[in-house]
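Residue numbering for the sequence shown is -22 to -1, 1 to 166, as defined by mature numbering (1 follows the signal peptide of the UniProt record, and there is no 0). Where is the CB? At the ideal position from N, CA and C, for every residue including glycine. Structure first, then comments.
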Amino acid sequence: MKHYVIWLLLLWSLLPTSATQASNQVLPKPMVLRQLVMLQHPQPLPLIALSDLQGNAHNFADNHGRITVLSLWATWCTLCVRDLQHLQQLLPQLDAQKISVVPLSIDEDLTLVPPFLQQHQLQFQQMWLDPQQQVADILPTDVVPATFLLNGNGELVGFVRGYVDWADASVAPYLLQLANQEAAKVQP
């Protein structure tokens, strides 16, 4: 009987911890995202000056409240074409209120970007450029494509370097679960 009471008290003491951990559970990653590294603690990113194709200013905090799938790419990168095409195929499966997909060109010659996008029939709601070449100061750009996941506060929470088949059927449900999990952590 004495052991029963001790076990009961031990289990009772673990209940609040388990409930707290449930909201911070590590989501099981689909096989296609096996190289995705999720950080234990979000990392703030400096707000560098980025722009879109029309010259409007942007920064990493622009998509406040939404997960941002930030994909670094370049016109000279052959794998980037397939990566961007698969990201484009992923878009209709995502909830735009919860997740933004933002390709970010790291090209030095920005005049190459619009014809490249047209040639490969790539269209995204957001397409960012790095006119001052500042991204390399805060994120590794030696491997492209590279994708960085930002939480709703614009902080780095995960990354994968190299090609990913974003069109795989398991990716959208995973990103939606991640967005739902991160939604509670957004700061006003």
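- In this structure V15 does not touch F126 by the C-beta definition: roughly 10 Å separates them, more than the 8 Å allowed.
- Around the beta carbon of R12, fewer than 16 other beta carbons lie within 10 angstroms, which makes this residue exposed.
- In the DSSP assignment, L134 falls outside any alpha helix (DSSP H) and within the unbroken beta strand (DSSP E) covering L134 to R139.
- Taking P123 as reference, the option from T89, L57 and P22 with the minimal CA-CA separation is L57.
- By DSSP's assignment, A150 forms no beta bridge with any residue.
- Contact annotation: the region 154 to 163 touches the region 44 to 61, with at least three C-beta pairs closer than 8 Å.
- W144 is the residue among P8, R60 and W144 whose C-alpha sits nearest the C-alpha of L72.
- When the Cα atoms are used, V135 and Q103 turn out to be separated by approximately 22 Å.
- Per DSSP, reduced to three states, the secondary structure at D120 is coil, with no helix or strand assignment.
- Take H36, set aside five residues on each side of it, and the residues of its chain with a beta-carbon closer than 7 Å to its own are L28, S29, D30 and W106, in chain order.
- Counted as a single uninterrupted DSSP element, the beta strand (DSSP E) harbouring L48 occupies residues I45 to W51.
- DSSP places V79 inside the beta strand (DSSP E), whose first and last residues are I77 to S83.
- A check of alpha carbon separations from D108 across D61, L25 and Q101 identifies L25 as the nearest.
- Around the beta-carbon of D61, 16 or more other beta-carbon atoms lie within 10 Å, marking it buried.
- Around the beta-carbon of V4, fewer than 16 other beta-carbon atoms lie within 10 Å, marking it exposed.
- In this chain, Q71 is not harboured by any alpha helix (DSSP H), its DSSP state being neither H nor E.
- Under the 10 Å beta carbon count, V121 is surrounded by fewer than 16 other beta carbons and is classified as exposed.
- Between P151 and V79, the alpha-carbon positions lie close to 15 Å from each other.
- Taking the Cα of D85 as reference, the smallest distance to any Cα among A39, Q112 and H64 is reached at Q112.
- In this structure, DSSP gives F38 a state outside helix and strand, which the three-state scheme calls coil.
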